[in-house]
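Remarks on the structure that follows.
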Amino acid sequence: MTIVQVRVDDKESKELDELAEKIGISKSDLIRKMIKIGKKQLLFDFYYDRLTRKEISVARAAAAAGMSIVEFMSIAKERGFTYFRYNSDELLRDIQTLDGKLEG
Amino acid sequence: MNRRFLFDASSIIVLAETGYLALFCDLLPSFTTTSIIITEVTQKLTPIKKIVEELTTKEKIFVQLVDDSSSSSSNSLYYKLGLHEGEISLLLVSNQETDIIVIDDLIARSVAQAEGLLYTGLLGLVISLKKTGKLSQEKALDILQAITKTNFRMSVTLYNAIREELEK
């Protein structure tokens, strides 16, 4: 393990002490837990932003954020993300592509 | 050579979540995906994993083995364009003459287009299956409704356009 020193203000430190006591874990364990949760959230935010800017695909965003596509899409939906992002012209193009190709 | 329909991970997940994955396997000449996509879809212990594994075991979903290294290289142009290994594997195995990639992701669709590959979206596929009589109007509308209940959203405008096509 590596030791990482972070300065926090007195009020925040006291709040961390109180929360650790409430949950029944040490302050160090609490901070480790918070880093883990925060890291997941920040990774999601970062790759979700790239996804909405059309820089990466959903599958790539999910993998980069360390999530499955199902997990990633569940959070993305809550944020209002529209997966099927093409318009009705594209839809008609798709239908034309399939014309005569579904037999057999 | 038989026509194959190459499905990406999201399309498989959407169909599995709606409960219509097995139906699509039966309706299409060859429901195919790659080994990389199967790994993507079955990586976590979920109901989807069970459904997909059952269909691959029964050979309802055909799995084309793909060497991981061919699609995972960070130097790959496709990777630089923002695609994931699974999508890259689909583009690499697709035969320009016979295969149709089923993909809804915007980036993957533009790459497929630039490569001259045939592609369609899942929603267009539902409409076309209804048009050819492989799906009844009622069933196609049920599928549309079921898709709207998944985590994969569509705009109201697109939903209305699909309904209009299905009600023709």
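These protein sequence lines map, in sequence, to chains A and B. Start counting the first sequence at 110; every next residue gets the next number (this note's numbering). Start counting the second sequence at 38; every next residue gets the next number (this note's numbering). Positions of the beta carbon are idealized from the N, C-alpha and C atoms, including for glycine.
Fill in: Beta carbon of B:Arg41 nearer than 7 Å to that of B:Thr69
The answer is yes: Cβ separation under 7 Å.
Worksheet entry | Alpha-carbon to alpha-carbon, B:Glu202 and B:Gln101 | Those two C-alpha atoms are separated by around 33 Å.
Worksheet entry | Interface flag, B:Ala46 vs chain D, CB-CB below 7 Å | Annotation note: the requested chain D is absent from the structure, which comprises protein chains A and B.
Practice prompt. Let me know the secondary structure DSSP gives B:Gln133 once reduced to three states.
Written response: Coil, per DSSP.
Worksheet item: Among B:Leu143, B:Ser67, B:Leu172, which has the Cα closest to the Cα of B:Gly158?
Response: Among B:Leu143, B:Ser67, B:Leu172, the Cα nearest to that of B:Gly158 is on B:Leu143.
Fill in: Of the residues A:Gln205, A:Gly189, A:Ile204, the one placed nearest B:Val193, counting alpha carbons only
Among A:Gln205, A:Gly189, A:Ile204, the Cα nearest to that of B:Val193 belongs to A:Gly189.
Fill in: Where A:Asn193 sits in the DSSP three-state scheme
Looking at the sequence shown, residue 193 of chain A is not Asn but Phe. Here DSSP, grouped into helix, strand and coil, assigns A:Phe193 to strand.
Worksheet item: Going by C-alpha distance, which of B:Thr185, B:Ala149, B:Asp141, B:Lys167 is nearest B:Phe61?
Response: Sorting B:Thr185, B:Ala149, B:Asp141, B:Lys167 by C-alpha distance to the C-alpha of B:Phe61 places B:Lys167 at the top.
Worksheet item: Quick one: which chain A residues come within Cβ less than 9 Å of B:Lys117?
Response: Neighbours of B:Lys117 on chain A: none; closest Cβ ~10 Å, over 9 Å.
Item to complete: Within its chain, find whatever has a CB closer than 6 Å to the CB of B:Asp136; leave out the 5 residues flanking it on each side and keep chain order.
Response: Arg41, Leu43.
Worksheet item: Would you report the Cα separation of A:Asp118 and A:Lys186, rounded to the nearest angstrom?
Response: For A:Asp118 and A:Lys186, the distance between alpha carbons rounds to 36 Å.
Fill in: Rounded C-alpha distance that separates A:Ala174 from B:Ile164
Taking the straight line joining both Cα atoms gives about 34 Å.
Item to complete: Measure from the alpha carbon of B:Ser131 to the alpha carbon of each residue in B:Gly119, B:Val103, B:Tyr116, then state which is nearest.
Response: The residue with the shortest Cα to Cα distance from B:Ser131 is B:Val103.
Discussion item. Using the Cβ count rule (16 or more neighbours within 10 Å means buried), how would you classify A:Ser183?
Written reply: Exposed.
Worksheet item: Nearest chain A C-beta to B:Asn112 closer than 7 Å, yes or no?
Response: With a pLDDT of only 47 at B:Asn112, under the threshold of 50, the placement of this residue in the model should not be trusted; the figure read from the coordinates follows. Interface flag for B:Asn112 against chain A is unset, since no Cβ pair is found closer than 7 Å.
Worksheet item: Using a Cβ-Cβ distance under 7 Å, would B:Phe189 count as near chain A?
Response: With 7 Å as the cut-off, B:Phe189 counts as an interface residue toward chain A.
Worksheet item: Using the rule of at least 16 other Cβ atoms within 10 Å of the residue's Cβ for burial, across every protein chain shown, is B:Thr94 buried or exposed?
Response: Exposed, because fewer than 16 other Cβ atoms sit within 10 Å of the Cβ of B:Thr94.
Practice prompt. Could you name the residues of the segment 155–182 of chain B whose beta carbon sits closer than 9 Å to any beta carbon of chain A, in the order they occur along the chain?
Written response: Identification of residues in the segment 155–182 of chain B having a C-beta nearer than 9 Å to some C-beta of chain A yields Leu155, Tyr156, Thr157, Gly158, Leu159, Leu160, Gly161, Leu162, Ile164, Ser165, Leu166, Lys168, Thr169, Lys171, given in sequence order.
Discussion item. At the 7 Å Cβ level, is A:Ser177 part of the contact set with chain B, yes or no?
Written reply: The Cβ of A:Ser177 sits closer than 7 Å to at least one Cβ of chain B.
Practice prompt. Pull up the distance between the alpha-carbon of A:Ile140 and that of B:Ile49, whole angstroms please.
Written response: Rounded to whole angstroms, A:Ile140 and B:Ile49 show a C-alpha spacing of 39 Å.
Worksheet item: Which one or two residues does DSSP pair with A:Leu94 in a beta bridge?
Response: Outside the shown range of chain A (110 to 213) lies residue 94 of chain A, about which nothing can therefore be said.
Item to complete: Over the uninterrupted alpha helix (DSSP H) stretch that includes B:Thr194, give me the two end residues.
Response: For B:Thr194, the enclosing alpha helix (DSSP H) begins and ends at 193–203.
Worksheet item: B:Ala145 versus chain A: which residues are under 8 Å apart at the beta carbon?
Response: For B:Ala145, the chain A residues whose Cβ falls inside 8 Å of its Cβ are Ser166, in order along the chain.
Worksheet entry | Bridge-paired residues (DSSP) for A:Arg141 | A:Arg141 pairs with nothing; no bridge assigned.
Discussion item. Could you tell me which whole alpha helix (DSSP H) segments of length 4 or greater appear in the segment 128–191 of chain B?
Written reply: Restricted to the segment 128–191 of chain B, the alpha helix (DSSP H) segments that are unbroken, complete and at least 4 residues in length are 143–151, 159–168, 174–185, listed in chain order.
Practice prompt. Look at B:Ile199 and B:Leu181 and say whether their C-beta atoms are less than 7 Å apart.
Written response: Taking 7 Å as the cut-off, the beta carbon of B:Ile199 is found closer than this to the beta carbon of B:Leu181.
Worksheet entry | Burial state of B:Asn197 (16 or more Cβ within 10 Å) | So B:Asn197 ends up on the exposed side.
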